[in-house]
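Right, one structure below, let's go through it.
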Amino acid sequence: MKPLLTSRQIPALLLAFVIGTLGSSVKAQQSSLGQVDFPTSGSEKAQAHFLRGVAALHSFWYEEALDEFRESTKAEPDFMMGYWGEAMCYNHPLWGDEQQTAAARQALEKVTDSKKLTERERAYLKAVKVLYGEGDKTTRDKAYSLAMEKIYRDYPEDLEAACFYALSLLGSVKPDERGFLRQMRAGAIALDVFQKKPNHPGAAHYIIHAFDDPEHAILALPAARRYALIAPEAHHARHMPSHIFLQLGMWPEAAAANESSWATSDAWVKRKNLPLRMRDYHSLQWLQYIYLQQGRYSKAEDLLSMVRKDMAEFAA
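Quick note on the working numbering: the sequence shown kicks off at 6 and runs consecutively.
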């Protein structure tokens, strides 16, 4: 039997889908971290913190998300989804750093089978317990992705399930994995959410990650152009568009994105009185490379000098 679509036809079909999303109207007001819709059994106060936490989580702003989830359980100690959110902050699926398994398990020890929990909430809690369950990280990642796929299929209107499932697919891609099967699947799911909810931070973010390669980057350009507008408070949301801009040789846009990301992270650290080492040096690394590609050598040298000075101060 011939396949319905060839590997060459899939990107073209996705591009047509992307173009179709450009006409989507934005009907609701968005917060500075984007729009998420995640109903829970929590109180109004706990829910407000929870929603902001989920929005921050989608932009990998784990510090802010953790604060918000803890505030949600402070407002309502038996708000079980707040502990789900706290546990989710200890897993960084696309950053390659070590999972904070012990901290996550400690948070999940506070979860009880409250009568208030809905079946959907129980499914999310079951999935995150799989993520921090038995076995090595690769095994748990795959099991978690299967658990999220079940929620995605059981609750087809749940756009949060769609986004977290897409992220789980991206998180299970290994560096030596050939082809783009998981990325294309994740990207297609995120594109569907992006069409339905153009201000969803996770949709835009995961589209960019899914198509972050020279062959497919054009599919993510609409999301790249929107993401910083969707979640301007999150410095990572300002940086991520530069992944696509760089793939497409859009050097001025790539530079502007990382300049903005650095400035936003600097303002956040100073506003919260946090250690300066928590600023977004990842964006600064990208910015120096982009300046070099643009021939702006003095600007690149200025950044290098600044980082050397900072590193010396941090080591003192």
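All C-beta atoms, glycine included, are put in the ideal place defined by N, C-alpha and C.
For the stretch 82–112, which segments carrying the beta strand (DSSP E) assignment without a break, of at least 3 residues, lie completely within its bounds, in sequence order? none
Just checking, does the stretch 219–231 make contact with the stretch 72–92 on the three C-beta pairs under 8 Å criterion? no
Proximity to Leu113 [Cα-Cα], best of Gly58, Thr123, Met93, Leu99: The shortest Cα separation from Leu113 among Gly58, Thr123, Met93, Leu99 belongs to Met93.
List the endpoints of the continuous alpha helix (DSSP H) containing Met189. Here the alpha helix (DSSP H) through Met189 covers 186–201.
Pull up the DSSP beta-bridge partners for Ser265, would you. Note: Ser265 sits in no beta bridge, so no partner.
Three CB pairs or more closer than 8 Å across the stretch 206–217 and the stretch 125–141: no
What residues in its chain sit with their C-beta under 6 Å from that of Ala260, if we drop five residues either side in the sequence? If we look at Ala260 and ignore the five residues flanking it on each side, its Cβ neighbours are Ile295.
Which of the three DSSP states is assigned to Ser288 in this structure? In the structure shown, Ser288 adopts helical secondary structure according to DSSP, grouped into three states.
Could you say if the stretch 153–160 and the stretch 169–176 meet the contact criterion of at least three C-beta pairs nearer than 8 Å? yes
Among the candidates Ser288, Ser37, Gln188, whose CA atom is the shortest distance from the CA of Ala4? The question about residue 4 has no answer, for the chain in this structure spans 6 to 321.
Roughly how many angstroms lie between the CA atoms of Leu292 and Ala262, to the nearest whole one? 9 Å
Which residue marks the beginning of the alpha helix (DSSP H) containing Met311, and which one marks its end? 302–320
Does the distance from the CB of Ile212 to the CB of Leu234 come in under 8 Å? no
Considering only residues of the same chain and omitting the five flanking positions on each side of Gln104, which have a CB-CB separation below 7 Å? Tyr95, Asn96, Lys142
Beta-bridge partners of Ser36, as assigned by DSSP: Gly39
Roughly how many whole angstroms lie between the Cα atoms of Tyr101 and Gly184? Here the sequence assigns Gly to residue 101, which means Tyr is not the residue at that position. Each residue's Cα considered, the two are about 20 Å apart.
Given this structure, state the Cα-to-Cα distance separating Gln299 from Pro257, to the nearest angstrom. Roughly 8 Å separates the two Cα atoms.
Among Ser303, Leu99, Arg313, Lys115, which residue has its Cα nearest to the Cα of Tyr67? Leu99
Cα separation between Lys304 and Lys314? 15 Å
Could you tell me the alpha carbon to alpha carbon distance between Ala109 and Leu136, rounded to whole angstroms? 10 Å
Please work out which residues of its chain come closer than 6 Å, Cβ to Cβ, to Ala166, disregarding the five sequence neighbours upstream and downstream, and give them in chain order. Ile156, Tyr157, Tyr160
Residue span of the alpha helix (DSSP H) that contains His221, given as start and end: Careful: His221 lies outside any alpha helix (DSSP H) and carries neither H nor E.
Please state whether the Cβ-Cβ distance between Phe43 and Leu56 is less than 8 Å. yes
Closer than 6 Å by C-beta to Phe216: which residues in its own chain qualify, once you throw out the five before and the five after it? Chain order, please. Gly192, Ala222, Leu224, Ala225
Rounded separation between Ser270 and Phe319 - CA only: For Ser270 and Phe319, the distance between alpha carbons rounds to 17 Å.
Considering only the beta carbon of each residue, do Leu289 and Val312 sit closer than 8 Å? Yes, they are a contact pair.
Note down the Cα distance separating Pro246 from Ala53, rounded to an integer number of angstroms. 28 Å
Inter-residue spacing [alpha-carbon to alpha-carbon] between Asp285 and Lys120: 42 Å
Answer yes or no: do Ala70 and Ser48 have a C-beta to C-beta separation smaller than 8 Å? No, the Cβ-Cβ distance between Ala70 and Ser48 is not below 8 Å.
Ignoring anything shorter than 4 residues, give me the alpha helix (DSSP H) runs that lie fully in the stretch 110–167, in order along the chain. As far as the stretch 110–167 is concerned, its whole alpha helix (DSSP H) runs of at least 4 residues are 124–136, 142–159.
Quick check on Thr144: buried or exposed, where buried means 16 or more other Cβ atoms within 10 Å of its Cβ? exposed
Let's test the definition: count the other Cβ atoms within 10 Å of the Cβ of Met283 and tell me whether it reaches 16, buried, or not, exposed. exposed
Looking only at its own chain, which residues have a Cβ that is under 8 Å from the Cβ of Gly138, when we skip the five neighbours before and after it? Arg145, Ala148
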